[in-house]
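*Asks:* Numbering (the working numbering), first residue to last: 461 to 545. Note that CB positions come from ideal geometry on N, CA and C, so glycine has one too.
1) If you draw a straight line from the alpha carbon of residue 517 to that of residue 507, how long is it in whole angstroms?
2) Tell me the DSSP secondary structure of residue 520 in three-state form.
3) Is it right to say residue 530 is buried, meaning 16 or more other beta carbons lie within 10 angstroms of its own, or is it exposed?
4) Given residue 472, which residues of its chain have a CB within under 8 Å of its CB, disregarding the five upstream and five downstream residues?
5) Quick one: what's got a C-beta closer than 6 Å to residue 541's C-beta in the same chain, skipping five residues either side?
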């Protein structure tokens, strides 16, 4: 049986609830959970699915490549040095 991970945020001391709710919504949006929930409400034809993926691809790639790990950075520098040589 698979374990479900619940998404959530911890409300900081003195923080308004609306602020914490906004942080939760932002977190769910970046993970794509809200979009998936909306998508599952109704049937989506293959054509509609293809169009949706094309529309959201730039956003997904932007989030995916926002952070570059040191290992990825080193690999990129190594490839650049190899191409320049």
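*Replies:* Walking through what the data contain:
1) When rounded, the distance between both Cα atoms is 15 Å.
2) Residue 520 falls in the helix class under three-state DSSP.
3) Residue environment: residue 530 is assigned as exposed (fewer than 16 neighbouring CB atoms within 10 Å of its CB, all protein chains considered).
4) Taken in chain order, the residues that qualify are 480.
5) Cβ within range, chain order: n/a, list empty.
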